[in-house]
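K.L.:
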Amino acid sequence: MAEQKSIHGLWRSRWLFILAATGSAVGLGNIWKFPYITGENGGGAFVLVYLACICLIGIPVMIAEVTLGRLGRQSPINTMHALTKDQNANRLWGGIGWMGAVAGFLILSFYSVIAGWSLAYIFRMAGGAFDGATAESVGATFGNMLSSPETLLAWHTIFMVITIGIVARGVNKGLERSISIMMPLLFLILVVLLGYSMSTDGFGAGFEFLFSFDFSKLTGESIIVALGHAFFTLSLGMGAIMAYGAYMPKKSSIGKTVLTVAFLDTLIALIAGLVIFPIVFSNGLEAGAGPGLLFQTLPLAFSHMPGGTLFGTLFFILVAFAALSSAISLGEPVVAWAVESKGMSRVAAATWIGIVIWILGIGTILSFNLWSEYKLFGKTLFDTLDFLTANIMLPLGGLLIAVFVGWAMNKADVKEEVKMGSPLMYTIWRFVLMFIAPVAVAIVLVNGLI
Ligand code: TRP
Numbered sequence: 053m054a055e056q057k058s059i060h061g062l063w064r065s066r067w068l069f070i071l072a073a074t075g076s077a078v079g080l081g082n083i084w085k086f087p088y089i090t091g092e093n094g095g096g097a098f099v100l101v102y103l104a105c106i107c108l109i110g111i112p113v114m115i116a117e118v119t120l121g122r123l124g125r126q127s128p129i130n131t132m133h134a135l136t137k138d139q140n141a142n143r144l145w146g147g148i149g150w151m152g153a154v155a156g157f158l159i160l161s162f163y164s165v166i167a168g169w170s171l172a173y174i175f176r177m178a179g180g181a182f183d184g185a186t187a188e189s190v191g192a193t194f195g196n197m198l199s200s201p202e203t204l205l206a207w208h209t210i211f212m213v214i215t216i217g218i219v220a221r222g223v224n225k226g227l228e229r230s231i232s233i234m235m236p237l238l239f240l241i242l243v244v245l246l247g248y249s250m251s252t253d254g255f256g257a258g259f260e261f262l263f264s265f266d267f268s269k270l271t272g273e274s275i276i277v278a279l280g281h282a283f284f285t286l287s288l289g290m291g292a293i294m295a296y297g298a299y300m301p302k303k304s305s306i307g308k309t310v311l312t313v314a315f316l317d318t319l320i321a322l323i324a325g326l327v328i329f330p331i332v333f334s335n336g337l338e339a340g341a342g343p344g345l346l347f348q349t350l351p352l353a354f355s356h357m358p359g360g361t362l363f364g365t366l367f368f369i370l371v372a373f374a375a376l377s378s379a380i381s382l383g384e385p386v387v388a389w390a391v392e393s394k395g396m397s398r399v400a401a402a403t404w405i406g407i408v409i410w411i412l413g414i415g416t417i418l419s420f421n422l423w424s425e426y427k428l429f430g431k432t433l434f435d436t437l438d439f440l441t442a443n444i445m446l447p448l449g450g451l452l453i454a455v456f457v458g459w460a461m462n463k464a465d466v467k468e469e470v471k472m473g474s475p476l477m478y479t480i481w482r483f484v485l486m487f488i489a490p491v492a493v494a495i496v497l498v499n500g501l502i
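Quick note: to get my numbering, add 52 to the position in the sequence shown (first position is 1).
#1: Between the stretch 470-480 and the stretch 429-449, do at least 3 Cβ pairs fall closer than 8 Å?
#2: Less than 7 Å separating the Cβ of Gly61 from some heavy atom of ligand 1?
#3: Taking Cβ positions, are Pro128 and Met294 nearer each other than 8 Å?
#4: Is the beta carbon of Gly383 less than 8 Å from the beta carbon of Ile405?
#5: Name the residue from Phe363, Pro490, Ala54, Leu476 whose alpha carbon lies nearest to the alpha carbon of Arg122.
#6: Quick check: does the Cβ of Ile480 come within less than 7 Å of any heavy atom belonging to ligand 1?
#7: Please confirm if the stretch 488-502 is in contact with the stretch 450-463, defined as three or more CB-CB distances below 8 Å between the two stretches.
#8: Could you tell me whether any non-hydrogen atom of ligand 1 is closer than 7 Å to the CB of Ala282?
#9: Would the stretch 342-362 count as touching the stretch 190-198 if we require 3 or more Cβ pairs under 8 Å?
#10: Nearer than 7 Å: is that true of the beta carbon of Ile129 relative to any heavy atom of ligand 1?
#11: Name the two residues that bound the continuous alpha helix (DSSP H) containing Phe194.
#12: For Lys467, name the three-state secondary structure that DSSP assigns.
#13: Does the beta-carbon of Ser355 have 16 or more other beta-carbons within 10 angstroms, so that it is buried, or is it exposed?
#14: Just curious, the alpha helix (DSSP H) that Tyr163 is in, first and last residue?
#15: Which class does Leu120 belong to by DSSP, given the choice of helix, strand or coil?
#16: To the nearest angstrom, how far is the alpha carbon of Ser334 from that of Phe255?
#17: Are the CB atoms of Trp481 and Pro112 nearer to each other than 8 Å?
#18: Return yes when at least one heavy atom of ligand 1 lies under 7 Å from the C-beta of Gly81, else no.
#19: If I follow the unbroken alpha helix (DSSP H) through Arg66, where does it start and stop?
#20: Please classify Tyr299: is it buried, with 16 or more other beta-carbons within 10 angstroms of its beta-carbon, or exposed?
#21: When we look at the beta-carbon of Asn499 and count the other beta-carbons within 10 Å, is it buried (16 or more) or exposed?
#22: At what residues does the alpha helix (DSSP H) containing Glu202 begin and finish?
#23: Does the distance from the C-beta atom of Ser4 to that of Gly413 stay below 8 Å?
#24: What's the call for Gly258, buried or exposed, on a 16-neighbour Cβ count within 10 Å?
#25: At which residues does the alpha helix (DSSP H) containing Gln348 begin and terminate?
#26: Does Leu485 pass the burial test, meaning 16 or more other C-beta atoms within 10 Å, or should it be called exposed?
#27: Out of Tyr478, Phe420, Ala104, His281, which one is the CA nearest neighbour of Val78?
#28: Just checking: is the beta-carbon of Phe261 within a distance shorter than 8 Å of some beta-carbon in chain D?
#29: Work out the CA separation of Leu68 and His208 for me, nearest whole Å.
#30: Taking the alpha-carbon of Trp84 as reference, which of Trp169, Leu158, Gly147 has the nearest alpha-carbon?
#31: Restricting to Cα atoms, I'd like to know which of Pro236, Leu370, Tyr478 is closest to Phe175.
#32: Quick one: what does DSSP say Lys427 is sitting in, helix, strand or coil?
#33: What did DSSP end up calling Asp253 once you bin it into helix, strand or coil?
#34: Among the residues of its own chain, which have a CB less than 8 Å from the CB of Leu62, if the five just before and after it don't count?
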């Protein structure tokens, strides 16, 4: 395919791509979701399945997704459209772009609500709401927040406005700038917290919970959740990483770059687990507490730490920024599409898309209070959206990407673009992408759904 140009600009260097992709990958998925789903699914064995999914499926699909983006150099919808034409493939493959856009809308709609919780907690921590906290009092504070639709709506609104503000400013002035400040700080604070959790008496129990493999606790649903989470945490399957790949400089090796991003993402998830579970166990909290886990354990830990108010406030600021650097990658693909195809300015595109997502988010807000009784297959609207996107749409998107790159595209075009470095690595990647990843995803999806 002839070399394409991005009208949205390029990352200034390979490192900025790594930072941006890591910013997208590291988010609420690592700090909030990974610990609580690990808690709900019994710990170690779940972690092992998750790690296997990252290596065998996540990394190969991520390489494929970045490759598509860099070849097409447009929004995922237009990239898929252009590539199907260029490769003489069936036009239906273009559906990958559209399904991704829908998944992106749905994910951002609930992601923003949860990110709003972290904004709320910045002010609670700073205002000293957790001084002398007990396990009961942190539970009550969290419950009170969830039962107030107005509070949730206010924070959801603020988070969406900031997200849109960044996306509206574009790749270099918006995305790149915000990401390069926050990511290093987040890592630093997590390490400080790890130091604290190592000093608690629950550290051994927490470590064991994460790394001892008791397969009897594994159910069919845990496997699908682990697979879904591998996609969610690496931002795969809906085009976010494809959009970021479209802005990647031509020279960089996609294979090496992706390995770095996946390594950092996994490391940060494991550190988050090592921070949270020791605190859970040393305070007699429930590992299976669900979505509130992070918001109950950390305030409790901070309330016992010297300088806890300061560290706690800082921590929730950083959670919010981690969420923000992910949220912008959920918005970017569709905004880029509206700029390319609807002739809109970035500001107008970001605003309109933001408004639609903001409205969708109200459904998630109500599912924690007024609508909490309405359930579909035993799941609230929030649980349903989370399950449908992370555990069905993303794996399906990833499966289609693997098959498209592995089977439908011209081999030579793909090989030239990925620049894998070593021929052996390339062969392994291609084999896993063509055979292992699609079959594994298909088996898990079919089994999980019936
Ligand atoms: N990976 C992010 C997290 O772990 C969330 C995210 C950002 C995402 N972009 C995505 C998830 C695209 C799926 C698809 O918090």
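Beta carbons: idealized from backbone N, C-alpha and C, even for Gly.
P.N.:
Let me spell this out:
#1: Segments in contact, no.
#2: Within the sequence shown, the letter at position 9 stands for residue 61. Result no, Cβ not under 7 Å from ligand 1.
#3: For the purposes of this step, residue 128 is taken as residue 76 along the sequence shown, with counting starting at 1. For the purposes of this step, residue 294 is taken as residue 242 along the sequence shown, with counting starting at 1. With contacts defined as CB atoms closer than 8 Å, Pro128 and Met294 qualify as a contacting pair.
#4: Residue mapping note: residue 383 aligns to position 331 of the sequence shown, counting from 1. Residue mapping note: residue 405 aligns to position 353 of the sequence shown, counting from 1. Contact flag set, yes.
#5: Counting from one through the sequence shown, the residue named residue 122 turns up at place 70. Nearest of Phe363, Pro490, Ala54, Leu476 to Arg122, Cα basis: Ala54.
#6: Counting from 1 along the sequence shown, the entry for residue 480 is found at position 428. Taking the Cβ of Ile480 as the reference point, every heavy atom of ligand 1 lies at 7 Å or farther away.
#7: yes
#8: For the purposes of this step, residue 282 is taken as the residue at position 230 of the sequence shown. No.
#9: Yes, since at least three Cβ pairs between the stretch 342-362 and the stretch 190-198 fall closer than 8 Å, the two stretches touch.
#10: Taking the sequence shown and counting its residues from 1, the one referred to as residue 129 is at position 77. No; taking the cut-off as 7 Å, the Cβ of Ile129 has no heavy atom of ligand 1 nearer than that.
#11: The residue given as residue 194 occupies position 142 in the sequence shown. Here the alpha helix (DSSP H) through Phe194 covers 187-198.
#12: Position 415 of the sequence shown holds residue 467. Note: Lys467 maps to helix in three-state DSSP.
#13: Indexing the sequence shown from 1 puts residue 355 at position 303. Result: buried.
#14: Working through the sequence shown from its first residue, we reach residue 163 at position 111. Taken as a continuous stretch (DSSP letters only), the alpha helix (DSSP H) holding Tyr163 covers 147-178.
#15: For the purposes of this step, residue 120 is taken as the residue at position 68 of the sequence shown. In this structure, Leu120 counts as helix in the three-state DSSP scheme.
#16: Position 282 of the sequence shown, counted from the start, is the residue given in the question as residue 334. Position 203 of the sequence shown, counted from the start, is the residue given in the question as residue 255. When rounded, the distance between both Cα atoms is 8 Å.
#17: In the sequence shown, counting from the first residue as 1, residue 481 sits at position 429. In the sequence shown, counting from the first residue as 1, residue 112 sits at position 60. Cβ atoms of Trp481 and Pro112: closer than 8 Å.
#18: Against the sequence shown, residue 81 aligns to sequence position 29. Yes, the Cβ of Gly81 comes within 7 Å of a heavy atom of ligand 1.
#19: Numbered from 1 along the sequence shown, position 14 holds the residue referred to as residue 66. That run of the alpha helix (DSSP H) goes 66-77.
#20: Counted from its first residue, the sequence shown places residue 299 at position 247. So Tyr299 counts as buried.
#21: On the sequence shown, residue 499 is found 447 positions in, with the first residue counted as 1. By the 10 Å Cβ count, Asn499 comes out exposed.
#22: Along the sequence shown, read from residue 1 onward, the residue named residue 202 stands at position 150. Glu202 -> alpha helix (DSSP H) spans 201-220.
#23: Because the chain spans 53 through 502 in this model, residue 4 falls outside it and cannot be assessed.
#24: The residue labelled residue 258 in the question sits at position 206 within the sequence shown. So Gly258 ends up on the buried side.
#25: Numbered from 1 along the sequence shown, position 296 holds the residue referred to as residue 348. Run containing Gln348: 345-356, per the alpha helix (DSSP H) assignment.
#26: Position 433 of the sequence shown holds residue 485. With 16 or more other Cβ atoms within 10 Å, it is buried.
#27: Within the sequence shown, numbered from 1, the residue matching residue 78 stands at position 26. Ranking Tyr478, Phe420, Ala104, His281 by Cα distance to Val78 puts His281 first.
#28: Note that chain D does not occur in the displayed structure, where there is just one protein chain.
#29: Here residue 208 refers to the residue found at position 156 when the sequence shown is read from its first residue. Here residue 68 refers to the residue found at position 16 when the sequence shown is read from its first residue. Cα-Cα distance, rounded: 28 Å.
#30: In the sequence shown, counting from the first residue as 1, residue 84 sits at position 32. Ranking Trp169, Leu158, Gly147 by Cα distance to Trp84 puts Trp169 first.
#31: Numbered from its first residue, the sequence shown carries residue 175 at position 123. The shortest Cα separation from Phe175 among Pro236, Leu370, Tyr478 belongs to Leu370.
#32: Taking the first residue of the sequence shown as 1, we reach residue 427 at position 375. Shown here, Lys427 sits in coil according to DSSP, grouped into three states, outside any helix or strand.
#33: Within the sequence shown, the letter at position 201 stands for residue 253. Looking at Asp253 - three-state DSSP - the assignment turns out to be coil, as it is neither helix nor strand.
#34: On the sequence shown, position 10 is the one that residue 62 refers to. Cβ neighbours of Leu62 beyond the five flanking positions: Val223, Tyr299, Met300, Pro301.
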